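So for the sequence shown, the working numbering puts the first residue at 5; every next one is plus one.
The beta-carbon is built from N, C-alpha and C at its ideal position, and this holds for glycine as well.
All values reported here derive from a predicted model rather than from experimental measurement.
Have a look at the structure below, then the notes.
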Amino acid sequence: MKITFILFAFFVLACHLALSQKTTKKPKQTPTKKGKPTVRQESNPSCDQGTTLNFVPSDDKTLLANPERGYYRHHEIKFSPHKPISENEIKTWTKEGLTLALMIFNLEPFVKKDFSKSDLDKMTSDFNKLRKGGMKAIVRFSYNQTSLKKPEKHNFPKTTDAEKPQLLKHINQLERIFQENVDVISVVQLGFIGHWGEWFYTRNYATQKGDSWEANEKQQKDREEIVRAMMKAVPKNRMLQIRYPAAKKKMYGKTNSKPEDDRSTERSRLGIHNDCFLANDKDQGTFADESERMWLEVEGLSVMVGGESCEKNSKTGCSEARKQIGKQRFSYLNSEFNEEVIADWRKSNCYISIGNQLGYRFELVGGKLQPTVKKGGSFCASLKINNTGVAPLYNTRPVEVILRNDKQTSKPIRQSKIDPRKFAPSKVTTIGLNVKVPSELSPGKYDVILNLPDEKLKDAKYSILFANGKKVQNKKERFNVIGQITIQ
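This is the structure:
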């Protein structure tokens, strides 16, 4: 009995000691300098409590040259004899503030034959010249570039496009060209069909009905097969364009695309090129009715739109041009055609302001930035960006932060959570930068640079410059200096 009592007493004592240790356990101590570094880091001050950043917009005295938007130069590339783009032409265009060239490859010699290796090499050479000159291409292929002095005759049968088997062979051959030069391609127009590749005057893919040319059931199927072939040939990270809104709606339905849609689908990759901008109420057949204009205003938030004017009239003045560029979400516009329209804009001093309105135009309007950060530590910043253009950015582009002073420059620090394609037109977007300071940077004051380079090209000519003054723009390296921070 005594033994049992003693064992019970030991058991109670053991439980009491265990409970005492549990309730009086000391918190874990932070290691000393001699121990291992603590995993828990000191939290950064809130970005909202940082130094206020104030910015001013740039003026509109010159064209703000930025990639994949703005005025473009038209250039027809012939093969017989070969007439390529020249480097001097490209230099002239870039001096004018242009970053885009419409490269129309005239395929009249190939209506009934394949491309040779030499022909494909000539195309590659043209893309190489654009790459060297810092420009990008709007690409179109056309079997028929004939000027129509008597439209009722259409110059048939002298001029024609290739029949479907040959046309599909050409697309298959061009797949390598698209893949290898996607870095300098802004967008690809479907082309091939009809005069100038505009999908209207054609005997192979439409039937004439009075003044109209409409595809019958078989011709429509052929058209859709050609579109699918082009969608396959052009890399999925690039959009294509078709001439008429009705043609897209016939294939993919009347529902508008949305910016948040899967951008790799055919519908989300097909934009519009309006090559009779401001011609009349229907832009010479571009729009079937007013509802298609309203449809395009929404569609342009998701897919690229551009084109050229084709006649001077009472609606081609500055005021209506600005209005319609906004409603149709134009990212690019021919700088030469229609000659009378462009000359009128220059005379009326709106050519530059219209050019700066095209596509995206990112302007810093405010923000916060930490004034100091510890060596090897992290800091944050918040920025408010107003897209004062009429359209978003469409092609993928990274966002980077670079720290630099007279002695050191950091490697680009990628901001992977920021997608500049989401900077919607006529809206202010707030972004947050989270930056880990590279340990090799010495204490001192550094410029904080926001950089939006090309996805593939390393040339600074392809980086986006913000529409701000007062030392934000570094035009030589195309950096955007948002402020300064001191590394302690």
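Buried or exposed for residue i, please, with buried defined as at least 16 other CB atoms from any protein chain shown within 10 angstroms of its CB.
i      : result
MET139 : buried
GLU340 : exposed
GLY487 : buried
THR290 : buried
LYS2   : Only positions 5 to 492 of the chain appear in the structure, and residue 2 is not among them; the question remains open.
ALA283 : buried
LYS479 : exposed
GLY137 : buried
LYS252 : buried
SER62  : buried
ARG247 : buried
SER190 : buried
ASN399 : buried
PRO424 : buried
ASP130 : buried
GLU229 : exposed
GLY214 : exposed
GLN53  : exposed
ARG232 : exposed
GLU202 : buried
ALA292 : exposed
THR28  : Per-residue confidence for THR28 stands at a pLDDT of 39, beneath the threshold of 50, marking its modelled position as unreliable; the derived number appears in the next sentence. Exposed, since its Cβ has fewer than 16 Cβ neighbours within 10 Å.
ASN92  : exposed
LEU23  : With a pLDDT of only 41 at LEU23, under the threshold of 50, the placement of this residue in the model should not be trusted; the figure read from the coordinates follows. Exposed, since its Cβ has fewer than 16 Cβ neighbours within 10 Å.
THR66  : exposed
PRO85  : exposed
ASN220 : exposed
Could you tell me the alpha carbon to alpha carbon distance between residue i and residue j, rounded to whole angstroms?
i      : j      : result
PHE59  : VAL452 : 14 Å
ALA166 : SER420 : 45 Å
THR97  : ALA69  : Here residue 97 turns out to be Trp, not Thr, going by the sequence shown. Distance between the alpha carbons of TRP97 and ALA69: 11 Å.
LEU57  : TYR355 : 32 Å
GLU444 : LEU134 : 37 Å
GLN212 : GLN224 : 14 Å
CYS314 : GLN288 : 9 Å
ARG227 : SER268 : 20 Å
ARG482 : GLU218 : 48 Å
GLN343 : ASN353 : It should be pointed out that residue 343 corresponds to Glu in this sequence rather than to Gln. Going by the C-alpha atoms only, they are around 15 Å apart.
PHE281 : ASP348 : 15 Å
LYS415 : VAL441 : 10 Å
LYS426 : ASP64  : 25 Å
LYS117 : GLU72  : 33 Å
PRO544 : ILE329 : Missing from the structure shown is residue 544; the chain here goes from 5 to 492 and no further.
LYS474 : LEU454 : 15 Å
THR55  : SER323 : 40 Å
GLY198 : LYS286 : 20 Å
ASN48  : ASN241 : Residue confidence for ASN48 is low, a pLDDT of 43 falling below 50, so the modelled location carries little weight and cannot support an answer.
MET234 : ILE175 : 7 Å
TYR256 : ARG271 : 6 Å
ARG77  : THR103 : 9 Å
GLY381 : ASN484 : 23 Å
SER430 : PRO113 : 46 Å
ILE358 : TRP200 : 26 Å
PHE196 : ALA210 : 13 Å
ALA385 : ILE346 : 42 Å
GLN477 : PHE470 : 7 Å
ALA250 : ILE489 : 53 Å
Would you mind giving the Cβ-Cβ distance between residue i and residue j, rounded to the nearest angstrom? I have them listed as a contact below 8 Å.
i      : j      : result
ASP187 : LEU461 : 5 Å
LYS87  : ILE94  : Contact flag wrong, Cβ pair sits at about 15 Å.
THR128 : GLU184 : 7 Å
ILE491 : GLY448 : 6 Å
GLY275 : MET243 : 5 Å
GLN193 : GLN245 : 5 Å
LYS351 : VAL369 : LYS351 to VAL369, Cβ: 33 Å. No contact.
ASN472 : VAL432 : Between VAL432 and ASN472 the Cβ distance is about 14 Å, and since that is not below 8 Å, they are no contact.
LYS126 : PHE83  : 7 Å
Under the criterion of a Cβ to heavy atom distance below 7 Å, does residue i qualify as lining the ligand SAM?
i      : result
ALA250 : What this structure holds is no ligand at all, so the ligand SAM is not there to describe.
Does residue i get closer than 8 Å to chain D when you measure Cβ to Cβ?
i      : result
LEU244 : The structure shown contains no chain D; it holds only a single protein chain.
Kindly confirm or deny that the stretch 297-312 and the stretch 390-405 touch, where touching means at least three C-beta pairs closer than 8 Å. yes
Does the pairing of the stretch 249-269 with the stretch 308-315 give three or more beta-carbon distances under 8 Å? no
Per the contact definition of three or more C-beta pairs closer than 8 Å, is the stretch 458-476 in contact with the stretch 404-417? no
Between the stretch 365-373 and the stretch 319-338, do at least 3 Cβ pairs fall closer than 8 Å? no
Are the stretch 132-146 and the stretch 101-119 touching by the rule of at least three beta carbon pairs closer than 8 Å? yes
Starting from the N-terminal side, write out each stretch of the beta strand (DSSP E) that is 3 residues or longer and does not extend beyond the stretch 204-291. 211-213, 216-218, 244-246, 274-281
For the stretch 397-407 against the stretch 429-449, are there 3 or more C-beta pairs whose distance is under 8 Å? yes
Minimum length 4: unbroken alpha helix (DSSP H) runs contained in the stretch 82-168: 91-99, 121-137
What ranges does the alpha helix (DSSP H) occupy inside the stretch 340-372, keeping only unbroken runs of at least 4 residues that lie completely in it? 343-351, 355-361
At what residue ranges does the stretch 421-487 contain a whole run of the beta strand (DSSP E), taking only runs of 3 or more? 432-440, 448-455
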